[in-house]
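Peer 1: In UniProt numbering, the protein residues as written are 1 to 746.
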Amino acid sequence: MEKSEGITIPHEKPWQYQEGEYTVTRGSAWSGPGCHLGCGVLLYTDKEGKLVKVEGDPENPMTEGRLCVRCLDMPEIVNHKDRLTYPMKRAREDRGKNKWERVSWDEAYDIVEREFNAIKEKYGAESVVFIHGTGRDIAPWQSRLCWSFGSPNYGNVLSGNACYLPRVAGMAATTGSFWIADVAQHFTDRYDHPGWTMPEVMFVWGNNPIIANSDGFFGHWVIDLMKRGMKTVVIDPRVTFLAAKADLHLPIRPGTDAALALGMLNVIINEEIYDREFVDCWCYGFDELKERVQEYPADRVAEITWIPEDKIVRAARMLAAAKPATLQWGLAIDMTREAIPAGQAIAALFQITGNIDCPGGLVPPAEIMAYSGGWGRDLLPEEQEPKRLGLDRYRLLQMGFKQSSPDVLIETMETGVPYEIHGAHFQTTNGLACMAADPQRVYKAFGKCDFIVSVDLFMTPTIMALADVVLPAATFPERNGIRVGDGPQRGEVINKVTQIGECKSDMQINLELGKRFNPEAWPWETPEEMFTELLKPTGYSWEELREEAPVYLPVEYYKYKNGKMRSDGQPGFQTATGRIELWSTFYNAAELDPLPYFEEPDPGPGSTPELFAQYPLVLTTGARNWNYFHSEHRQIERLRKMHPDPIVQVHPDKLAELGMEDGEWVWIENQNGRAKIKIESTPILTDPRIVACDHAWWKPESDPEKFFDVFEYNINNLMVYSPGKSGFGSNYKTSICRLYKLEDGE
Numbered sequence: 001m002e003k004s005e006g007i008t009i010p011h012e013k014p015w016q017y018q019e020g021e022y023t024v025t026r027g028s029a030w031s032g033p034g035c036h037l038g039c040g041v042l043l044y045t046d047k048e049g050k051l052v053k054v055e056g057d058p059e060n061p062m063t064e065g066r067l068c069v070r071c072l073d074m075p076e077i078v079n080h081k082d083r084l085t086y087p088m089k090r091a092r093e094d095r096g097k098n099k100w101e102r103v104s105w106d107e108a109y110d111i112v113e114r115e116f117n118a119i120k121e122k123y124g125a126e127s128v129v130f131i132h133g134t135g136r137d138i139a140p141w142q143s144r145l146c147w148s149f150g151s152p153n154y155g156n157v158l159s160g161n162a163c164y165l166p167r168v169a170g171m172a173a174t175t176g177s178f179w180i181a182d183v184a185q186h187f188t189d190r191y192d193h194p195g196w197t198m199p200e201v202m203f204v205w206g207n208n209p210i211i212a213n214s215d216g217f218f219g220h221w222v223i224d225l226m227k228r229g230m231k232t233v234v235i236d237p238r239v240t241f242l243a244a245k246a247d248l249h250l251p252i253r254p255g256t257d258a259a260l261a262l263g264m265l266n267v268i269i270n271e272e273i274y275d276r277e278f279v280d281c282w283c284y285g286f287d288e289l290k291e292r293v294q295e296y297p298a299d300r301v302a303e304i305t306w307i308p309e310d311k312i313v314r315a316a317r318m319l320a321a322a323k324p325a326t327l328q329w330g331l332a333i334d335m336t337r338e339a340i341p342a343g344q345a346i347a348a349l350f351q352i353t354g355n356i357d358c359p360g361g362l363v364p365p366a367e368i369m370a371y372s373g374g375w376g377r378d379l380l381p382e383e384q385e386p387k388r389l390g391l392d393r394y395r396l397l398q399m400g401f402k403q404s405s406p407d408v409l410i411e412t413m414e415t416g417v418p419y420e421i422h423g424a425h426f427q428t429t430n431g432l433a434c435m436a437a438d439p440q441r442v443y444k445a446f447g448k449c450d451f452i453v454s455v456d457l458f459m460t461p462t463i464m465a466l467a468d469v470v471l472p473a474a475t476f477p478e479r480n481g482i483r484v485g486d487g488p489q490r491g492e493v494i495n496k497v498t499q500i501g502e503c504k505s506d507m508q509i510n511l512e513l514g515k516r517f518n519p520e521a522w523p524w525e526t527p528e529e530m531f532t533e534l535l536k537p538t539g540y541s542w543e544e545l546r547e548e549a550p551v552y553l554p555v556e557y558y559k560y561k562n563g564k565m566r567s568d569g570q571p572g573f574q575t576a577t578g579r580i581e582l583w584s585t586f587y588n589a590a591e592l593d594p595l596p597y598f599e600e601p602d603p604g605p606g607s608t609p610e611l612f613a614q615y616p617l618v619l620t621t622g623a624r625n626w627n628y629f630h631s632e633h634r635q636i637e638r639l640r641k642m643h644p645d646p647i648v649q650v651h652p653d654k655l656a657e658l659g660m661e662d663g664e665w666v667w668i669e670n671q672n673g674r675a676k677i678k679i680e681s682t683p684i685l686t687d688p689r690i691v692a693c694d695h696a697w698w699k700p701e702s703d704p705e706k707f708f709d710v711f712e713y714n715i716n717n718l719m720v721y722s723p724g725k726s727g728f729g730s731n732y733k734t735s736i737c738r739l740y741k742l743e744d745g746e
């Protein structure tokens, strides 16, 4: 793309300027720590270069000066006394002990290079795994490090890759692209853009975007559009802020989203209120879908989902009547075992109603790079690809998604089949506290490794339990960077304004390690040169982009009509049939059901009634809080005061039945394990049979040699590794449990 094709934002002030005694730097807030969004920020530094204040940038068209408390509190985070500020090592026999020794960067790199190369020479590069957390700003750099080292095993420890990837993979398999809600986020003039149409209705499904900004989606956009007259339908077991303000709230039983979507499809298809022209011209397998949804009449779906039948019918009719309608969905879809058919069913609602690649509907995001596919796949030796863990078991992993299977990884570490794992590189991940189902199982599995290095901002339970070398990472105000990630990608930069100790950016660390492992794959001298390489599609160098950012990529609607969705230039979609596949040829070839379906969560009231009698509450976990991002921020005093303990939300009627009180500490338990948690009595759970609890808890103030009590408070003690048939999806957000009181001394 030529520079002239990009759209730049004129600023009243340059990217850096003086305001009184402070230097003010404009940039993007994109981890770490924090979320996926990349809000526009103004960073204030004093004469000594200390970060003293963060404000929202009112000239940024995406967030318009609005920030959450985590960004506003960045000075406390950046300057925190407990930051990791220099490399450290300890003897392998001292794992789990607080016996760290400070070393230089060169010595730390020497150790990592020596140990990983020794494993590679003796066992093969595949015996080293490269593990990241949520992805955020690490996916390109760590995937390149992994593949240039020669290992095919890049990924995470989240069962079923149950975050973002099930939706991405499912949409790509059936339509050739990922799709996001079009709320004018692609345009500099936003809602005033003449080619954009406001959605008549938005379905907010399995996501609370005010707090959890998934897919590059800023939650306040929903409120903006509600003020302009957009209607909303919210599917959530809790009465969130948006649910309370919605035109229709569907309080769903966790894990039954596929059934709800199929029931709505039943209404829309049988009442013939779908977009017949779009279906006839651009969809494949409609007749087969019509036959499948006859299994899901609204009355049956009401019994499954615990949603009144009339609400299901009303929601279906609202969607069919709206022109356009759009969807903002989230992690709750991914975090059920059969996430793939659930996503397929939900997407089909918007496909058969013609809300695809149109203003205000669902649109493919503009991309600088295919974020979910990593960077540098061509560097992996051809003979290494077949060794990727899970590739032989899950065909969906063969379709452009290059992660290994976390479930097969843990199994392989325990059994040594098909080969042994001897080394691990952790980066921006606190797996024992956050992603790992059955965290003690994962602790034991990784404990077998000969060598582990971890890159992070603070000491974590995972580092304390498992690492031999720790490398201190920079926060976003301590580094330069570019905003490349999920959602609509745009040319924004992260600008370094301060320096804490010897911390280095994740990008610099990987560049310097990469040069040691495979210098030809890392020809750049600085991270900024790497950024320029990735920015080539925009026509900008990193330095040029910094002067003009943000730069928006051009957006066009109805690309499927003029051949811009297909690699061969023909009209249609990038699928085997050239159409949106309601009946998926890819799933059929992969020996999966080609049509969407619902499968009862297991365990659950519909699949294991006898077990449910022992554990008679439906448990959902992981809803975000304002002040934390997953397992981060627990040591930040101001943020911790807002939410000092892990909580389980319980309906007041259920508490009275159990003889428990608000604020009481209890055990939450199921057949897999238990965790200690504090009760919060709240009526926002409209069905007393459902409880909702925090995830990713540990206590930095606790004993480091007890791993900061991560095994005591971690709700994942109740979870197991159990992916869907496709290898994607896992039941983190739908399980069963019981509550009981602590004994004296507990």
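For each residue, glycine too, the CB sits at the ideal point set by N, CA and C.
#1: Among residues of its own chain, excluding the 5 on either side of Gly-487, which ones have a beta-carbon nearer than 7 Å to its beta-carbon?
#2: Are Met-335 and Ala-162 close, meaning C-beta to C-beta below 8 Å?
#3: Mapping the DSSP letters down to three states, classify Glu-19 as helix, strand or coil.
#4: Helix, strand or coil: how does DSSP classify Glu-669 here?
#5: DSSP three-state call for Ile-647: helix, strand or coil?
#6: Figure out for me which residue from Val-363, Tyr-732, Lys-678 and Asn-60 has the closest Cα to the Cα of Met-660.
#7: Kindly indicate which three-state DSSP category Arg-238 falls into: helix, strand or coil?
#8: Where Ile-452 and Glu-115 are concerned, what is the direct C-alpha to C-alpha distance, given to the nearest angstrom?
#9: Give me the residue from Tyr-86, Glu-93 and Gly-56 with the minimum Cα distance to Val-103.
#10: Within 10 angstroms of its Cβ, does Thr-353 collect 16 or more other Cβ (buried), or is it exposed?
#11: Answer yes or no: do Gly-38 and Arg-483 have a C-beta to C-beta separation smaller than 8 Å?
#12: Are the region 142-158 and the region 402-421 touching, with three or more C-beta to C-beta distances below 8 Å?
#13: In chain order, what residues of the same chain have a beta carbon less than 8 Å from the beta carbon of Gly-285, not counting five sequence neighbours either side?
#14: Of all the options Gly-40, Phe-278 and Met-399, which has the alpha carbon lying nearest to the alpha carbon of Gly-373?
#15: At which residues does the beta strand (DSSP E) containing Phe-401 begin and terminate?
#16: Using the Cα positions of Gln-489 and Ala-370, report the straight-line distance between them to the nearest angstrom.
#17: On the DSSP bridge list, what partners appear for Ala-675?
#18: Determine contact between the region 88-107 and the region 457-473, defined as no fewer than three beta-carbon pairs at a distance below 8 Å.
#19: Hey, could you find the ends of the beta strand (DSSP E) Pro-472 is sitting in?
#20: Check whether the Cβ atoms of Met-171 and Val-233 sit closer than 8 Å, and answer yes or no.
#21: Assuming Arg-70 and His-643 form a contact by the criterion Cβ under 8 Å, report the distance between their Cβ atoms to the nearest whole angstrom.
#22: Tell me, please, which residues DSSP counts as bridged to Lys-89.
#23: How many angstroms separate the CA atom of Asp-709 from the CA atom of Ser-405?
#24: Where are the beta strand (DSSP E) runs, 3 residues long or more, that stay fully inside the region 127-171, in chain order?
#25: Using beta-carbon positions only, say whether residue 749 and Met-530 come within less than 8 Å of one another.
#26: If we ignore side chains and look at the alpha-carbon of each, how far apart do Arg-395 and Lys-496 end up?
#27: To which residues does DSSP link His-11 through a beta bridge?
#28: Buried or exposed for Gln-570, going by 16 or more other Cβ atoms inside 10 Å?
#29: Just to confirm my understanding: we take Asp-744, look at its own chain, exclude 5 residues before and 5 after, and list those with CB closer than 7 Å. What are they?
#30: Excluding the 5 residues flanking Phe-458 on each side, which residues of the same chain have their C-beta closer than 7 Å to its C-beta?
#31: Using 8 Å as the Cβ pair cut-off and three pairs as the minimum, do the region 433-450 and the region 471-480 touch?
#32: Which same chain residues, not among the five before or five after Tyr-191, have their C-beta less than 6 Å away from its C-beta?
#33: I'd like the list of long-range same chain contacts for Trp-282, defined as Cβ closer than 8 Å, with 5 residues on each side in sequence excluded.
#34: Would you kindly check if the distance between the Cβ of Ala-325 and the Cβ of Pro-199 is under 8 Å?
#35: Please state whether DSSP places Gln-351 in a helix, a strand or coil.
#36: Is Gly-255 near Gly-729, with beta carbons less than 8 Å apart?
Peer 2: In short, the structure shows the following:
#1: Indexing the sequence shown from 1 puts residue 487 at position 487. Same-chain partners within the cutoff: Ile-180, Asp-215, Gly-216, Phe-217 and Pro-365.
#2: In the sequence shown, counting from the first residue as 1, residue 335 sits at position 335. In the sequence shown, counting from the first residue as 1, residue 162 sits at position 162. Cβ distance < 8 Å, so Met-335 and Ala-162 count as in contact.
#3: Residue numbering aside, residue 19 sits at position 19 when the sequence shown is read from its first letter. Looking at Glu-19 - three-state DSSP - the assignment turns out to be strand.
#4: To locate residue 669, count along the sequence shown from 1; it is residue 669. Correct three-state label for Glu-669: strand.
#5: For the purposes of this step, residue 647 is taken as the residue at position 647 of the sequence shown. Looking at Ile-647 - three-state DSSP - the assignment turns out to be strand.
#6: What you label residue 660 is simply residue 660 of the sequence shown in a count that begins at 1. Selected option, being the one with the closest Cα: Lys-678.
#7: Locating residue 238 in the sequence shown gives position 238, counting from the first residue. Three-state DSSP puts Arg-238 in a strand.
#8: What you label residue 452 is simply residue 452 of the sequence shown in a count that begins at 1. What you label residue 115 is simply residue 115 of the sequence shown in a count that begins at 1. Going by the C-alpha atoms only, they are around 9 Å apart.
#9: Mapped onto the sequence shown, residue 103 falls at position 103. Closest option to Val-103, Cα to Cα, is Tyr-86.
#10: The sequence position of residue 353 within the sequence shown is 353, counting from 1. By the 10 Å Cβ count, Thr-353 comes out buried.
#11: Position 38 of the sequence shown holds residue 38. Position 483 of the sequence shown holds residue 483. Their beta carbons are under 8 Å apart, which means Gly-38 touches Arg-483 by this criterion.
#12: yes
#13: Walking along the sequence shown from the start, residue 285 turns up at place 285. Contacts found: Glu-581, Leu-582, Trp-583, Ser-584, Pro-594 and Leu-595.
#14: One-based indexing of the sequence shown puts residue 373 at position 373. Closest option to Gly-373, Cα to Cα, is Met-399.
#15: The count along the sequence shown starts at 1 and reaches residue 401 at position 401. Premise fails: Phe-401 is in no beta strand (DSSP E) and is neither H nor E.
#16: Working through the sequence shown from its first residue, we reach residue 489 at position 489. Working through the sequence shown from its first residue, we reach residue 370 at position 370. Cα to Cα, Gln-489 sits roughly 10 Å from Ala-370.
#17: Numbered from 1 along the sequence shown, position 675 holds the residue referred to as residue 675. Note: Ala-675 sits in a beta bridge opposite Ile-668.
#18: yes
#19: In the sequence shown, residue 472 corresponds to position 472, counting from 1. Where Pro-472 is concerned, the enclosing beta strand (DSSP E) stretches over 469-472.
#20: Taking the first residue of the sequence shown as position 1, residue 171 is located at position 171. Taking the first residue of the sequence shown as position 1, residue 233 is located at position 233. No, they are not a contact pair.
#21: As a working mapping, residue 70 is identified with position 70 in the sequence shown. As a working mapping, residue 643 is identified with position 643 in the sequence shown. Contact doesn't hold; Cβ gap of about 12 Å is too wide.
#22: If you number the sequence shown from 1, residue 89 lands on position 89. Glu-101 and Val-469, per the DSSP bridge assignment.
#23: Residue numbering aside, residue 709 sits at position 709 when the sequence shown is read from its first letter. Residue numbering aside, residue 405 sits at position 405 when the sequence shown is read from its first letter. For Asp-709 and Ser-405, the distance between alpha carbons rounds to 28 Å.
#24: 128-132
#25: Here the chain comprises residues numbered 1 to 746, so residue 749 is not present and cannot be evaluated.
#26: In the sequence shown, the residue the question calls residue 395 occupies position 395. In the sequence shown, the residue the question calls residue 496 occupies position 496. Going from the Cα of Arg-395 to the Cα of Lys-496 covers about 42 Å.
#27: Against the sequence shown, residue 11 aligns to sequence position 11. The partner list for His-11 (beta bridge, DSSP) is empty, contrary to what the question assumes.
#28: Locating residue 570 in the sequence shown gives position 570, where the first residue counts as 1. With fewer than 16 other Cβ atoms within 10 Å, it is exposed.
#29: Counting from one through the sequence shown, the residue named residue 744 turns up at place 744. The answer is none, since no qualifying residue turns up.
#30: Translated into the one-based positions of the sequence shown, residue 458 becomes position 458. Excluding sequence neighbours, Phe-458 sits near Asp-82, Arg-83, Leu-84 and Gln-635.
#31: no
#32: As a first step, residue 191 is located in the sequence shown; it is residue number 191 there, counting from the start. Only Ala-184 meet the Cβ criterion.
#33: For the purposes of this step, residue 282 is identified with residue 282 of the sequence shown, where counting begins at 1. Excluding positions up to five away in sequence, the list reads Ile-356, Tyr-560, Gly-572, Phe-573, Arg-579 and Ile-580.
#34: Counted from its first residue, the sequence shown places residue 199 at position 199. Counted from its first residue, the sequence shown places residue 325 at position 325. Going by C-beta atoms, Pro-199 is nearer than 8 Å to Ala-325.
#35: Here the question's residue 351 lines up with position 351 in the sequence shown. Three-state result, Gln-351: helix.
#36: For the purposes of this step, residue 255 is identified with residue 255 of the sequence shown, where counting begins at 1. For the purposes of this step, residue 729 is identified with residue 729 of the sequence shown, where counting begins at 1. No, the Cβ-Cβ distance between Gly-255 and Gly-729 is not below 8 Å.
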